[in-house]
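Structure first, commentary second.
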Amino acid sequence: MAEADDPRIYFAAERTLLAWVRTGLTLVGMGFVVARFGLFLRIVRNAPDAPTHAGSTWIGVGLVVLGSVAIGVAAWQHAKFWHGLAKSQRTQPGVMRWSVIFALLISLIGLALGGYLVVSANSAETGRAAAVAR
Numbered sequence: 001m002a003e004a005d006d007p008r009i010y011f012a013a014e015r016t017l018l019a020w021v022r023t024g025l026t027l028v029g030m031g032f033v034v035a036r037f038g039l040f041l042r043i044v045r046n047a048p049d050a051p052t053h054a055g056s057t058w059i060g061v062g063l064v065v066l067g068s069v070a071i072g073v074a075a076w077q078h079a080k081f082w083h084g085l086a087k088s089q090r091t092q093p094g095v096m097r098w099s100v101i102f103a104l105l106i107s108l109i110g111l112a113l114g115g116y117l118v119v120s121a122n123s124a125e126t127g128r129a130a131a132v133a134r
């Protein structure tokens, strides 16, 4: 088999994309846990009115955004690599599109989660400040 016709080249690129998706999902999950850790501590202490520490929220949001960006960049690099392959090495376009679309959707959902964490942290802080002012 000639090296130009070797399907293992594309399969290696596909495994690399999947590894980045797995890594990004891990970062998103860890970021969510870190962002919500302050809420967990307030529940465990049975002190719902205790002040929150914005550090865990912002570190968690940073991890969520980092994971989402990693997935998006991996999808972009995979598509760029696929277009750079010789025609004999390419898979059907639908196979590549599904992988890239899936990764981009996960990336967008992760970015939406990061936005949600920021908005919910700000609204919780605003609600607590209003309750203290009364």
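Numbering (UniProt numbering), first residue to last: 1 to 134. From the three backbone atoms N, C-alpha and C, an ideal C-beta is built for every residue, glycine too. Note that this is a predicted model, so its numbers are computed, not measured.
Q) Run through DSSP, which three-state label would residue 108 get? A) In the sequence shown, the residue the question calls residue 108 occupies position 108. Helix, per DSSP.
Q: For residue 38, decide whether its Cβ has a neighbour in chain D, counting only Cβ atoms nearer than 8 angstroms.
A: The question asks about chain D, but that chain is absent: this structure has only one protein chain.
Q.
For residue 65, which residues in the same chain have their Cβ closer than 6 angstroms to its Cβ, ignoring the five residues on either side in sequence?
A. Position 65 of the sequence shown, counted from the first residue, corresponds to residue 65. Short of 6 angstroms from the beta carbon of residue 65, and not among the five residues preceding or following it, lie these beta carbons of its own chain, in chain order: 114.
Q) When DSSP labels each residue in this structure, what does residue 86 get in the three-state scheme? A) Walking along the sequence shown from the start, residue 86 turns up at place 86. In the displayed model, residue 86 falls within coil according to three-state DSSP, outside both helix and strand.
Q. Going by other Cβ atoms of all chains shown within 10 Å of its Cβ, with 16 needed for buried, is residue 105 buried or exposed?
A. In the sequence shown, counting from the first residue as 1, residue 105 sits at position 105. Exposed.
(Q) One question on the structure: do residue 25 and residue 60 come within less than 8 angstroms of each other, judged by their Cβ atoms? (A) Counting from 1 along the sequence shown, the entry for residue 25 is found at position 25. Counting from 1 along the sequence shown, the entry for residue 60 is found at position 60. If you check the CB distance, residue 25 and residue 60 do not come in under 8 angstroms.
Q: Please name the residue in 56, 117, 84, 80 whose C-alpha comes closest to that of residue 100.
A: Reading the sequence shown from its first residue, position 100 is the one you call residue 100. Among 56, 117, 84, 80, the Cα nearest to that of residue 100 belongs to 80.
Q | Reduced DSSP category for residue 7 - H, G, I as helix; E, B as strand; rest coil | A | Walking along the sequence shown from the start, residue 7 turns up at place 7. Note: residue 7 maps to coil in three-state DSSP.
Q) Could you give the residue range of the alpha helix (DSSP H) that holds residue 45? A) On the sequence shown, residue 45 is found 45 positions in, with the first residue counted as 1. Residue 45 -> alpha helix (DSSP H) spans 37–45.
Q) What is the rounded straight-line gap between the Cα of residue 94 and the Cα of residue 42? A) Along the sequence shown, one-based indexing puts residue 94 at 94. Along the sequence shown, one-based indexing puts residue 42 at 42. In a straight line, the C-alpha of residue 94 is about 48 angstroms away from that of residue 42.
Q.
Can you list, in chain order, the residues of its chain with a C-beta nearer than 7 angstroms to that of residue 20? Leave out the 5 residues immediately preceding and following it.
A. Locating residue 20 in the sequence shown gives position 20, where the first residue counts as 1. Excluding positions up to five away in sequence, the list reads 70, 71, 74.
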